[in-house]
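First the structure, in the form of structure tokens, and then the observations on it.
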Amino acid sequence: MNRSTLDKLISSTGLIIAVASLAASATLFYAHNFVHTQVVSQLSEQKITFPQAGSAGLTALPSADQTAVGKYAGQQVLTGAQAEVFADHYINVHIQKIGAGKTYAELSAAAQKDPTNAALNGQVQIIFRGETLRGLLLNAYAFDTMATVANYAAYGTLVAGAVLFVLAILGFSHAGRAQKSVSRKR
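The letter at position 30 of the sequence shown is residue 84 when you use this note's numbering, and the numbering goes up by one with no holes.
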């Protein structure tokens, strides 16, 4: 096999991979945009807002949680990162305080053993609601994180596809020069 034919085969393969990479990049950009837009849309409809700076809702938190929540003081929860902070550093602190560190499963089991204890049953309902909201917010965080990963992957495949495309063009150019060189020698 002569050099020109080999260059054309390798360049054709590179071109096919470049086109596939560019198509994958477009799909990943779409996935990022779709998922992130859905997260923002769903969170905005909930109208969840961080406590204002200096408010009792913020100052009552432990120091590390005040720092995490304070970064978004007064803002509406609209992103996955904000949802994670609200879930883990605001809701979870309240759940732990209300349930005295016990989980929903532990409190529910205790309430089932003592069904006439109205205070315990009320505590179970509050913990259930808090854990449900916390779980939903953490799902928003997970999906928005996946959108971010898709965005990074989109840029990576875009760059890889562009580089392969340029290399394929250079390979075809070299194949043409190699073909002319072989023709002159004959």
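We treat Cβ as the ideally placed atom computed from N, Cα and C, and that holds for glycine.
When the distance is taken between beta carbons, is residue j closer than 9 Å to residue i?
{"i": "A232", "j": "D61", "result": "yes"}
{"i": "F104", "j": "G68", "result": "no"}
{"i": "V139", "j": "K125", "result": "yes"}
Could you have a look at residue i and say whether DSSP puts it in helix, strand or coil?
{"i": "T242", "result": "In this structure the chain extends from 55 to 240, so residue 242 is not present and cannot be described."}
{"i": "T199", "result": "helix"}
{"i": "T157", "result": "coil"}
{"i": "T103", "result": "strand"}
{"i": "Q233", "result": "helix"}
{"i": "Q130", "result": "strand"}
{"i": "K125", "result": "coil"}
{"i": "S66", "result": "helix"}
{"i": "S109", "result": "coil"}
Tell me which residues share the same chain as residue i and place their Cβ nearer than 7 Å to its Cβ, disregarding the 5 neighbours each side in the sequence.
{"i": "I64", "result": "G225"}
Excluding sequence positions up to five away, which residues of its chain have a Cβ less than 6 Å from the Cβ of residue i?
{"i": "F197", "result": "V89, V93"}
{"i": "G176", "result": "none"}
{"i": "G153", "result": "L161, I181"}
### Query
When the Cβ atoms of the region 128–141 are set against those of the region 174–182, are three or more pairs found closer than 8 Å?
no
### Query
Should the region 218–233 be regarded as contacting the region 184–191, the criterion being three or more beta carbon pairs within less than 8 Å?
no
### Query
Is there contact here, the region 205–215 with the region 70–83, by at least three beta-carbon pairs under 8 Å?
yes
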